[in-house]
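Encoded as structure tokens, the structure appears first; notes follow it.
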Amino acid sequence: MPYSEPLSPVPNQTTITETDKASYPWLEWFRQVRGILNELNYSRDYGGFNQTTDQTPTAINTAQVVPFSHYLQDGVSIVDGSKITIKRTGLYKIDFSTQITSTSSSIKNVWFWPRVNGVDVGGFTMKHTLSSNNETEVVSRHGIFSLSANDYLQVMWAADSTNVKLGAVAATAFSPASPAALLAVIQLR
Numbered sequence: 121m122p123y124s125e126p127l128s129p130v131p132n133q134t135t136i137t138e139t140d141k142a143s144y145p146w147l148e149w150f151r152q153v154r155g156i157l158n159e160l161n162y163s164r165d166y167g168g169f170n171q172t173t174d175q176t177p178t179a180i181n182t183a184q185v186v187p188f189s190h191y192l193q194d195g196v197s198i199v200d201g202s203k204i205t206i207k208r209t210g211l212y213k214i215d216f217s218t219q220i221t222s223t224s225s226s227i228k229n230v231w232f233w234p235r236v237n238g239v240d241v242g243g244f245t246m247k248h249t250l251s252s253n254n255e256t257e258v259v260s261r262h263g264i265f266s267l268s269a270n271d272y273l274q275v276m277w278a279a280d281s282t283n284v285k286l287g288a289v290a291a292t293a294f295s296p297a298s299p300a301a302l303l304a305v306i307q308l309r
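Everything in the sequence shown is counted per this note's numbering, starting at 121 for the first residue and increasing by one.
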């Protein structure tokens with residue numbers, strides 16, 4: 121079957137002519153594959169957030185939000201210091217980690233969980249126990265969330281003692297500072 125209309129342009133060429141098609145049959149295939157790859161590799165939204173100061177519970181057994189500031193973002197932003205807001209509907213990987221530090225030798229429990237649009241999300245809660253004075257532990261969890269445009273995510277926490285904190289670590293002569301908490305939100309699709 122003869123070729124009847126010009127194909128879309130390729131670099132440095134305005135159209136593919138009948139002669140070009142006969143001489144370079146791969147050009148049309150390349151154009152189609154390039155279009156498919158462009159569709160598959162659409163830009164994905166992301167955001168990286170941290171808390172660089174200590175956070176202590178205001179009261180025992182009381183849910184409170186972990187505040188964050190951003191350090192890297194595109195399409196995932198922060199509103200009111202704690203609401204991680206999603207720009208586009210999609211599937212997102214959420215990674216959270218924090219350093220918790222005991223400030224007494226009594227046993228204390230700390231809980232962390234996600235909240236989406238003001239509603240606690242079950243199945244993701246972490247509980248950690250500390251018992252020694254100045255004991256520091258890193259607690260982390262990741263999950264996959266289906267989120268819609270304009271949804272917001274918050275990280276919540278509570279403790280059964282006020283002798284615990286989300287602890288930031290100051291820089292030393294040999295090591296940079298460490299934040300009290302980190303949150304990464306990456307769109308998967």
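C-beta atoms are modelled at their ideal positions from N, C-alpha and C, and glycine is treated no differently.
Exercise for the section: Out of Ser-268, Gln-307, Pro-296, state which residue places its alpha-carbon closest to the alpha-carbon of Thr-209. Expected result: As a first step, residue 209 is located in the sequence shown; it is residue number 89 there, counting from the start. Measuring from the Cα of Thr-209, the nearest candidate turns out to be Ser-268.
Handout entry: DSSP three-state assignment for Val-153, whether helix, strand or coil
Key = Within the sequence shown, numbered from 1, the residue matching residue 153 stands at position 33. In the structure shown, Val-153 sits in a helix (DSSP, three-state: H, G or I).
Problem - Short Cβ contact (8 angstroms threshold) for Gln-175 with Leu-286 - result: Position 55 of the sequence shown, counting from 1, holds the residue named residue 175. Position 166 of the sequence shown, counting from 1, holds the residue named residue 286. The answer is yes: Cβ separation under 8 angstroms.
Practice task
Just the C-alpha distance for Ser-222 and Met-246, rounded to the nearest angstrom, thanks.
Solution key: The residue labelled residue 222 in the question sits at position 102 within the sequence shown. The residue labelled residue 246 in the question sits at position 126 within the sequence shown. One Cα belongs to Ser-222, the other to Met-246, and the distance between them is close to 17 angstroms.
Exercise for the section: Quickly, what does DSSP pair Gly-168 with across the bridge? List them, please. Expected result: By one-based count along the sequence shown, residue 168 stands at place 48. BP columns for Gly-168 point to Leu-192, Ala-304.
Practice task
Return the chain-ordered list of same chain residues with a C-beta closer than 6 angstroms to the C-beta of Ser-202, the five sequence neighbours on each side being excluded.
Solution key: In the sequence shown, the residue the question calls residue 202 occupies position 82. Closer than 6 angstroms at Cβ, skipping near neighbours: Val-185, Pro-187, Gln-274.
Exercise for the section: Mind reading off the beta-carbon distance from Thr-173 to Ala-288? Whole number of angstroms is fine, and I expect it under 8 angstroms. Expected result: Residue mapping note: residue 173 aligns to position 53 of the sequence shown, counting from 1. Residue mapping note: residue 288 aligns to position 168 of the sequence shown, counting from 1. Rounded to whole angstroms, the Cβ separation of Thr-173 and Ala-288 is 6 angstroms, and the two are in contact under 8 angstroms.
Handout entry: Rounded separation between Ser-225 and Asp-280 - CA only
Key = Working through the sequence shown from its first residue, we reach residue 225 at position 105. Working through the sequence shown from its first residue, we reach residue 280 at position 160. Looking at the two C-alpha atoms, the distance is approximately 14 angstroms.
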